[in-house]
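Numbering (the working numbering), first residue to last: 994 to 1177.
One structure is given here, and the rest of the page talks about it.
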Amino acid sequence: MAILKVLHFPDEKLRLKAAPVEKINPEIAKIAKNMLETMYAEGGIGLAATQVNIQKRIIVIDISENKNEPLIIINPKILKLEGKEESQEGCLSVPDYFDIVQRAKNIEFCYTTLKNETITKTIDGLLAICIQHEIDHLNGKLFIDYLSPLKRDRLKKKIHKQKIKERRSKNSELHNNESPNKIL
Ligand code: GNR
Ligand code: NI
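Shown next as structure tokens:
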């Protein structure tokens, strides 16, 4: 098992469209297990393969309180979208940012399991929100794409500032480490 690196916006790899899984095999099982481990380690309720730079249609989700109800969803397809709901969302690929987006309230969807079964489910609530968020990832879409241009602009500026700050602190660490040698 391994914890995988989660890509962050604005990494262009988050924009790639994932390909359907052709055959369920041990490699797919291993990817799913590593994705679950990564999701739990990062404290998320869902993770799409796109976020860990794997362009396959694989999603893992666990919305249970005790984090002991993992779901592995392969090749998900939305069959029906009904109603509207506002949801407050966050994303492991957009750290420290939360905002409200419009989603469908009820969905019917089908998917393949690791045992190669096809399952059809009608769901609502957090699970329905999460499935929509994760399928978006597989299509190269992020929840921040739904924000108004003004909000997106503010977010981009915030991320830009954060990067400059990180670069500065890394730089000063470097120089701090140099000084003891200089004294010697
Ligand atoms: O951990 C997550 N929480 C969350 C909250 C509201 C709507 C969607 C999500 S998914 C997110 C993890 C993530 O980034 N999955 O892609
Ligand atoms: Ni996400």
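Glycine is no exception: its CB is placed at the ideal position from the N, C-alpha and C atoms.
Closer than 7 Å: residue i CB and nearest ligand 1 heavy atom
| i | result |
| --- | --- |
| residue 1007 | no |
| residue 1082 | yes |
| residue 1057 | no |
Burial state of residue i (16 or more Cβ within 10 Å)
| i | result |
| --- | --- |
| residue 1076 | exposed |
| residue 1167 | exposed |
| residue 997 | buried |
| residue 1034 | exposed |
| residue 1176 | Summary for residue 1176: the model assigns pLDDT 48, below 50, so the residue's position carries little reliability, and this model does not support an answer. |
| residue 1049 | buried |
| residue 1125 | buried |
Residue i: CB within 7 Å of a non-hydrogen atom of ligand 2
| i | result |
| --- | --- |
| residue 1103 | no |
| residue 1125 | no |
| residue 1044 | yes |
| residue 1162 | no |
| residue 1001 | no |
Cross-strand partners of residue i (DSSP beta bridge)
| i | result |
| --- | --- |
| residue 1084 | 1087 |
| residue 1102 | 1071 and 1114 |
| residue 1206 | The question about residue 1206 has no answer here: the residues shown for the chain are numbered 994 through 1177. |
| residue 1079 | 1095 |
| residue 1034 | Partner(s): none; residue 1034 has no beta bridge. |
| residue 1012 | 1049 |
| residue 1066 | 1052 |
Proximity to residue i [Cα-Cα], best of the options
| i | options | result |
| --- | --- | --- |
| residue 1020 | 994, 1034, 1037 and 1011 | 994 |
| residue 1007 | 1157, 1138 and 1099 | 1138 |
| residue 1022 | 1045, 1055, 1102 and 1051 | 1051 |
| residue 1046 | 1065, 1012, 1152 and 1116 | 1012 |
| residue 1118 | 1129, 1101 and 1107 | 1101 |
| residue 1107 | 1154, 1151, 1160 and 1053 | 1053 |
| residue 1017 | 1160, 1074 and 1105 | 1105 |
* To do: Evaluate contact between the stretch 1138-1148 and the stretch 1014-1030, counting only Cβ atoms and requiring at least three cross-stretch pairs below 8 Å.
  => no
* Asked: Looking at C-beta atoms only, is the number of pairs between the stretch 1125-1138 and the stretch 1108-1115 that lie closer than 8 Å three or more?
  -> These segments do not touch.
* **Meets three-Cβ-pair contact criterion under 8 Å: the stretch 1029-1047 and the stretch 1090-1103** => no
* Flag this pair as touching only if the stretch 1079-1089 and the stretch 1054-1070 have three or more C-beta atom pairs under 8 Å; answer yes or no. => no
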